Amino acid sequence: MKVRHQARDVDPDSASGCADIRTRFDDPAFAAAYAASHQVSGPPQRYFSSRLHAVFEVLGRCPGGDLLDVGCGPGVFVQRVLDARPGDFRITAVDRSPAMIVEAAGNTADAEVELVVGVAEALPFPDASFDVVVAMGVLEYCDFVAVLRELERVVRPGGTVLVSMLNPLSPYRLFEWGVYWPLLRLLGRAEGLLGRSADRRHCVPKSGIRALPAGSLWRRMRKAGLRPVDVVHYDLTPAVPPFDRFLGKWTRRRERPADTVTRGLRRWMGTAYLVVATGVR
């Protein structure tokens, strides 16, 4: 494993969103908690499990080669590739947060993986360097126009690009962003007026999320020079927060990741989706 810090010139504000989001992702405690959320049973674990299943459905059709994980976080996806496809890929992973790279280094300590600190809007790699480029949970927090151009630049002709995006048209996200989170913030303010200490109040930090419907992202990928070929909706759930926590407990024994992924009519239930594209030039 090799870790390096490298980045091309880029405006840090445009590259990373608002300052409080940058601070949160740079916090080692947050990085460790984010890594743990992939394992703890609940909506986050359901979401991550479903996303990995969707990605590996596509990755299973790739013979191998050079793979880049953009916005690798704590290295959960990299670790899964190493376990599921040992020796098939030469893996490079990049994240703007040094704390996330530290987590990823701990999770891949014995593997041949190159870990890089850098931003998605200005990837520190030569043109046409990778056969597979994956960006999961990245576009919502970045300048997605710049990121898509970078993904197109570093993928080889005929290579595969996979990008995920939260689905802003799903009932789940509409309720979460338009009702649930505002109610929690209102409750937190009321608790403050009643004298409750800050660490015991309900609080939902600003997310900085900017999500696109699938059709819009498809068109933007084409404009960036990529050729979209498939859309997969994942994390199918009929419940909205916080009720999905309780529904998950009742259905956990019957849940399988394959049941939370679709290309069909049930896609309206998907809280997120994955677009698959190929490199052209």
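Going from the sequence shown to this note's numbering is simple: count from 1 and add 98. Ideal Cβ positions, reconstructed from N, Cα and C, are used throughout, including at glycine. Owing to the predicted nature of the structure, the values given are computational and were not obtained by experimental measurement.
Run through DSSP, which three-state label would I307 get? Working through the sequence shown from its first residue, we reach residue 307 at position 209. Correct three-state label for I307: coil.
Here's the rule I'm using: 16 or more other beta-carbon atoms within 10 Å means buried, otherwise exposed. How should E210 be labelled? Indexing the sequence shown from 1 puts residue 210 at position 112. Flag for E210 reads exposed.
Taking only the alpha-carbon atoms, compute the straight-line gap between W348 and R144 and give it to the nearest angstrom. For this step, residue 348 is matched to residue 250 along the sequence shown. For this step, residue 144 is matched to residue 46 along the sequence shown. Legend: pLDDT at W348 = 47, less than 50; position of this residue unreliable, no value from coordinates given.
Look up A191 in the DSSP assignment and give the residues it is bridged to. The residue given as residue 191 occupies position 93 in the sequence shown. Its beta-bridge partners are D167, L213.
Taking its Cβ as the centre, do 16 or more other Cβ atoms sit within 10 Å of R271, making it buried, or is it exposed? Working through the sequence shown from its first residue, we reach residue 271 at position 173. Burial call: buried.
Going by the CB atoms, is the gap between A202 and L213 shorter than 8 Å? Looking up residue 213 in the sequence shown gives position 115. Looking up residue 202 in the sequence shown gives position 104. Taking 8 Å as the Cβ cut-off, L213 and A202 qualify as a contacting pair.
Mind pulling the beta strand (DSSP E) runs of 3 or more residues that sit fully within the stretch 248 to 288? 253 to 264
Leaving aside the five residues before and after E250 along the sequence, list all residues of the same chain whose C-beta is less than 6 Å from its C-beta, in chain order. Taking the first residue of the sequence shown as 1, we reach residue 250 at position 152. So the list reads A322, G323, L324, once near-sequence residues are dropped.
On the CB-based measure, 16 or more other CB atoms within 10 Å of its CB, does A152 come out buried or exposed? Numbered from 1 along the sequence shown, position 54 holds the residue referred to as residue 152. A152 should be labelled buried.
Can you give me the C-alpha to C-alpha distance between W366 and S148, rounded to a whole angstrom? Residue mapping note: residue 366 aligns to position 268 of the sequence shown, counting from 1. Residue mapping note: residue 148 aligns to position 50 of the sequence shown, counting from 1. About 15 Å.
Would you check if the stretch 353 to 372 and the stretch 257 to 270 touch, i.e. whether three or more CB-CB distances between them fall below 8 Å? yes
First and last residue of the uninterrupted beta strand (DSSP E) at D229: One-based indexing of the sequence shown puts residue 229 at position 131. Element bounds for D229: 228 to 233.
Tell me, please, which residues DSSP counts as bridged to T206. Within the sequence shown, residue 206 is the residue found at index 108, counting from 1. Answer is none; T206 lacks a bridge partner.
For the structure I just gave you, are there three or more beta carbon pairs, one from the stretch 159 to 168 and one from the stretch 220 to 233, closer than 8 Å? yes
Going straight from the alpha carbon of W316 to that of G362, what length do you get? Numbered from 1 along the sequence shown, position 218 holds the residue referred to as residue 316. Numbered from 1 along the sequence shown, position 264 holds the residue referred to as residue 362. Whole-angstrom Cα-Cα distance: 17 Å.
Residues bridged to L157 [DSSP beta-bridge criterion]: Taking the sequence shown and counting its residues from 1, the one referred to as residue 157 is at position 59. L157 pairs with nothing; no bridge assigned.
Smallest Cα separation from I307: which of C240, D333, Q137? Position 209 of the sequence shown, counted from the start, is the residue given in the question as residue 307. Closest by alpha carbon: C240.
Could you please give the first and the last residue of the uninterrupted alpha helix (DSSP H) stretch that includes L315? Locating residue 315 in the sequence shown gives position 217, counting from the first residue. Residues 312 to 321.
Evaluate V261 with the Cβ neighbour count: other Cβ atoms within 10 Å of its Cβ, from every protein chain shown; 16 or more gives buried, anything less gives exposed. What you label residue 261 is simply residue 163 of the sequence shown in a count that begins at 1. It counts as buried.
Rounded to a whole number of angstroms, what is the C-alpha to C-alpha distance between R183 and D167? Here the question's residue 183 lines up with position 85 in the sequence shown. Here the question's residue 167 lines up with position 69 in the sequence shown. One C-alpha to the other measures close to 15 Å.
Look at the alpha carbon of R352 and the alpha carbon of A309, and state the distance between them as a whole number of angstroms. Position 254 of the sequence shown, counted from the first residue, corresponds to residue 352. Position 211 of the sequence shown, counted from the first residue, corresponds to residue 309. For R352, the predicted structure reports a pLDDT of 49, less than 50, and the residue's modelled location is therefore unreliable. The matter cannot be settled from this model.
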